[in-house]
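Q: Could you have a look at this structure, given as structure tokens, before my questions?
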Amino acid sequence: MDTKIDDLMAKVKEIAGGPDGDLLRRLVDILYDRYDYEPLSPEELAAVQEADEAIRRGDKSYFTPLEEYERKRGLDLPSDIISTSGEDTGAPGPNDRKNGCVTA
645 MDTKIDDLMA KVKEIAGGPD GDLLRRLVDI LYDRYDYEPL SPEELAAVQE
695 ADEAIRRGDK SYFTPLEEYE RKRGLDLPSD IISTSGEDTG APGPNDRKNG
745 CVTA
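The structure is reproduced here in structure tokens:
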């Protein structure tokens, strides 16, 4: 077995037998339920590799800017409810974006 897996298994066994064993089991259950066991298709693998290569090259043209994505899907907010002055309009604005997402 891979030494990384051996190391991980040794740690898991030690934690599972200790006072944090129940917490570890719950965390593993959460991760296990979220895990996608369906392998990626050759096309999906190729797309992931292309994106990874674009990131390494710094090629931003490979990606769609959030604003363009929102506009194409009718998700862009009308400019009259977005304040750039800092005043609170109650609607999400450009300063509410975090990691490319609008926060409420």
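Quick note on numbering: the sequence shown equals residues 645 to 748 in this note's numbering. Beta carbons are placed, not taken as given, at the ideal position from N, Cα and C, and that holds for glycine.
(1) Determine, using beta carbons only, whether residue 660 and residue 668 come nearer to each other than 8 angstroms.
(2) How many Å lie between residue 703 and residue 691 at the Cα?
(3) Output the boundary residues of the alpha helix (DSSP H) element that contains residue 694.
(4) Taking the alpha-carbon positions, what's the residue 712 to residue 688 distance?
A: Let me lay it out:
(1) The residue given as residue 660 occupies position 16 in the sequence shown. The residue given as residue 668 occupies position 24 in the sequence shown. For the 8 angstroms CB-CB criterion, residue 660 and residue 668 form a contact.
(2) Here the question's residue 703 lines up with position 59 in the sequence shown. Here the question's residue 691 lines up with position 47 in the sequence shown. If I take the Cα positions, the gap works out to 15 angstroms.
(3) What you label residue 694 is simply residue 50 of the sequence shown in a count that begins at 1. Its alpha helix (DSSP H) spans residues 686–701.
(4) Translated into the one-based positions of the sequence shown, residue 712 becomes position 68. Translated into the one-based positions of the sequence shown, residue 688 becomes position 44. Distance between the alpha carbons of residue 712 and residue 688 is about 23 angstroms.
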